[in-house]
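Here's the structure we're looking at; comments come further down.
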Amino acid sequence: NAGVMQNPRHLVRRRGQEARLRCSPMKGHSHVYWYRQLPEEGLKFMVYLQKENIIDESGMPKERFSAEFPKEGPSILRIQQVVRGDSAAYFCASSPRTGRAGNTIYFGEGSWLTVV
Amino acid sequence: GQQLNQSPQSMFIQEGEDVSMNCTSSSIFNTWLWYKQEPGEGPVLLIALYKAGELTSNGRLTAQFGITRKDSFLNISASIPSDVGIYFCAGPKEGGADGLTFGKGTHLIIQP
Chain X
800 NAGVMQNPRH LVRRRGQEAR LRCSPMKGHS HVYWYRQLPE EGLKFMVYLQ
850 KENIIDESGM PKERFSAEFP KEGPSILRIQ QVVRGDSAAY FCASSPRTGR
900 AGNTIYFGEG SWLTVV
Chain A
11 GQQLNQSPQS MFIQEGEDVS MNCTSSSIFN TWLWYKQEPG EGPVLLIALY
61 KAGELTSNGR LTAQFGITRK DSFLNISASI PSDVGIYFCA GPKEGGADGL
111 TFGKGTHLII QP
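Chains as they are written, first to last, in this note's numbering: chain X, 800 to 915; chain A, 11 to 122.
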């Protein structure tokens with residue numbers, strides 16, 4: 800886990816507000832992944848980004864969710880008009896290149912979103 | 011769609027016992043990964059398997075890549091209290107793109 804920094808670690812939002820989760824990948828890593836974990840579930844892939852490009856967003860809900868990984872700065876996962884069902888742990892992972900080998904993907908400690 | 015089924019869902023064992031858990035998939039995998047997640051933390055990679063039949067160890071942990079390429083097993087010998095956590099199997103997401111598919115996890119609880 801060392802090196803992939805996520806913030807905030809915990810976030811409380813009222814229904815209808817926006818949530819922004821940030822992820823700074825490990826130094827030298829240009830590939831970022833976002834996963835969501837609901838209680839008692841495994842992690843579910845949401846989106847895969849490289850610098851300035853969304854490569855695969857097949858796991859992203861069609862509405863209210865967006866992600867970016869700008870040339871400078873952290874990757875951002877943005878959830879607009881949050882609903883109670885968005886309450887979950889959101890994990891970011893990074894790799895220096897394609898992560899198919901698995902052993903080069905490192906996870907952050909997660910951001911826990913609670914919608915009240 | 012692609013599914014990973016882990017069993018058992020949870021295990022209550024005594025310290026010192028050996029642990030065995032498995033993961034089966036609905037499709038063939040070319041890579042199997044085992045992660046451990048502790049409360050409030052992200053998953054940490056324990057063992058990666060890349061070849062059918064492969065048996066790989068990491069300390070007291072041993073994992074095997076099933077011959078059919080549709081299953082994998084994780085064994086922990088002589089469990090200790092710090093082994094407590096959720097163990098997830100994972101494999102490459104279908105469609106050839108990057109990303110992982112995870113099982114729902116096996117909760118390991120150790121009674122002193």
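Glycine residues also receive a C-beta, built at the ideal position from the N, C-alpha and C atoms.
* Residues of the segment 874-895 of chain X whose Cβ lies closer than 9 Å to any Cβ of chain A, in chain order -> Ala888, Phe890, Cys891, Ala892 and Ser894
* **Interface partners of A/Gly63 on chain X, CB under 7 Å** => Within chain X, no residue comes near A/Gly63; the closest Cβ sits about 18 Å away, beyond 7 Å.
* Please look up how many angstroms separate the CB atoms of A/Thr111 and X/Phe844, rounded, as I've assumed it's under 8 Å. => With a Cβ gap of about 7 Å, A/Thr111 and X/Phe844 count as contacting.
* Closer than 7 Å by C-beta to X/His828: which residues in its own chain qualify, once you throw out the five before and the five after it? Chain order, please. => Ser893, Ser894 and Pro895
* Stretch pair the segment 20-28 of chain A + the segment 862-875 of chain X: three plus CB contacts closer than 8 Å -> no
* Counting only the same chain and skipping the five closest in sequence on each side, list residues whose C-beta sits under 8 Å from that of X/Gln849. => Ser829, His830, Val831 and Phe868
* For X/Gln816, which residues from the same chain have a beta carbon less than 7 Å from its beta carbon, with the 5 sequence-adjacent residues on both sides left out? -> Val881
* To do: Taking C-beta pairs closer than 7 Å, name the residues in chain X that A/Lys103 reaches, listed in chain order.
  => Phe844
* Asked: Going by other Cβ atoms of all chains shown within 10 Å of its Cβ, with 16 needed for buried, is X/Leu912 buried or exposed?
  -> buried
* X/Asn800 versus A/Gln13 - alpha carbon distance -> Only weak support is given to the placement of X/Asn800: the predicted model assigns it a pLDDT of 45, under 50, and the question is left unresolved by the model.
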